[in-house]
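Numbering-wise (my numbering), the sequence shown opens with residue 24 and increments by one. Have a look at the structure below before the remarks.
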Amino acid sequence: MKSIVTDKSLEKPFPKLMKSVETGTIILFEYSGKGTVVGNHSDDNMVGYISTTWSMKKFTDFDGAVLLSND
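Written as structure tokens, this is what we have:
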């Protein structure tokens, strides 16, 4: 039996985009705990909502893209 595991998932430094594992909300984190909602598919927190008390254990690094506009 042969097993090869390649793990390239290194934690990115702040500032960074992270995604809620519960709701899918995308947050732009300035530092641990402080961030602004930049993408939301639920009614929990609207885009632009800022918090300094996000629970970091509920987020994972987001590798996608977020496009912001004034539409």
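Backbone N, C-alpha and C fix where the C-beta goes; we use that ideal spot for every residue, glycine too.
Between the alpha carbons of Thr83 and Val44 lies a gap of roughly 7 angstroms. Between Phe37 and Thr48, the alpha-carbon positions lie close to 18 angstroms from each other.
Counting only the Cα atoms, Ser26 lies some 43 angstroms from Ser74.
Looking at Ser78, Lys35, Leu90, Leu33, the one whose alpha-carbon comes closest to that of Asn63 is Leu90. Met41 carries a strand assignment under DSSP once its states are collapsed to helix, strand and coil. Counting every other CB atom within 10 Å of its CB across the protein chains shown gives Leu51 a total of 16 or more, marking it as buried. When DSSP assignments are scanned along the stretch 60-93, the uninterrupted stretches of beta strand (DSSP E) that are 3 or more residues long and fall wholly within it turn out to be 82-84.
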